[in-house]
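J.: Supplied in structure tokens, the structure appears directly below.
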Amino acid sequence: MKEMKQEVSMVEDVSIQGHVAPTVLSMLKIKNECVRVVLAESFCTFIMMVVGTGMLMLCLMALSDQRNQPSMSGAEPVGVGLLVMLIGISLGSNSGYAINPTRDLAPRVFTLLAGWGREVFRAGNSWWWVPCIAPIIGGVLGALLYKALVELHHPQLKKTTAAPQDPELIPLEKCKNGTLELSV
């Protein structure tokens, strides 16, 4: 009887012969911390979506800024594709790659219209609103971060003599019958 009480106290102490019993630990975790773990995972996923979209916006602004050492002509699509892929691989595993609201909302609307009912919006403790809100917050924060850290520190451009006008930017009033009238 004394040995049985000792074994029970060992299990209660979550150690068996000096080793931690993982099954007992996991049961305690499930019992006592289930709600806290779910909330922590949801909050972390929300933050990851904000950070991912913020990084996407910051890098897109850096790629498209002509005053910030522009990339080679034609390389922008490759840069954007690699950027989206890297953000998705590194931060998209918890959220289903939802760095854009249409990535999550459009399939939910489609499944609602296709007959699955409102369950698609109730699933995951009504998680549907997070991929709609977090990317907007992340995009705004990423743009503000780029403006504050990079764009405000660009040197002021000096006005130079007028450059020759690009034919694509000439007003239509100066064109007759599809040709440009030049006054000499």
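The numbering of the sequence shown is my numbering, which starts it at 1345 and goes up by one.
Note that beta-carbon positions come from the ideal geometry of N, C-alpha and C, so glycine has one too.
1) Straight-line CA distance for Asp1448 to Ala1406?
2) Hey, out of Gln1413, Cys1388 and Gly1396, whose CA is closest to His1498's CA?
3) As a quick exercise: from Ala1458, Thr1389 and Lys1491, pick the residue whose alpha carbon is nearest that of Ser1434.
4) Just the C-alpha distance for Trp1471 and Leu1430, rounded to the nearest angstrom, thanks.
5) Mind checking Thr1397: buried by the 16 CB within 10 Å criterion, or exposed?
6) Is the CB-CB distance between Met1399 and Ala1478 below 8 Å?
7) With DSSP collapsed to three states, give me the class of Met1399.
8) Provide the residue span of the alpha helix (DSSP H) that contains Ile1481, from first to last.
T.: Reading from the atomic positions:
1) Straight-line Cα distance between these residues: approximately 26 Å.
2) Nearest Cα to His1498 within the set Gln1413, Cys1388 and Gly1396: Gln1413.
3) Across the set Ala1458, Thr1389 and Lys1491, the C-alpha of Thr1389 shows the shortest separation from the C-alpha of Ser1434.
4) Cα to Cα, Trp1471 sits roughly 24 Å from Leu1430.
5) Thr1397 is classed as buried because its beta carbon has at least 16 other beta carbons within 10 Å across all chains shown.
6) Cβ atoms of Met1399 and Ala1478: not closer than 8 Å.
7) Correct three-state label for Met1399: helix.
8) Where Ile1481 is concerned, the enclosing alpha helix (DSSP H) starts and stops at Val1474 to Leu1493.
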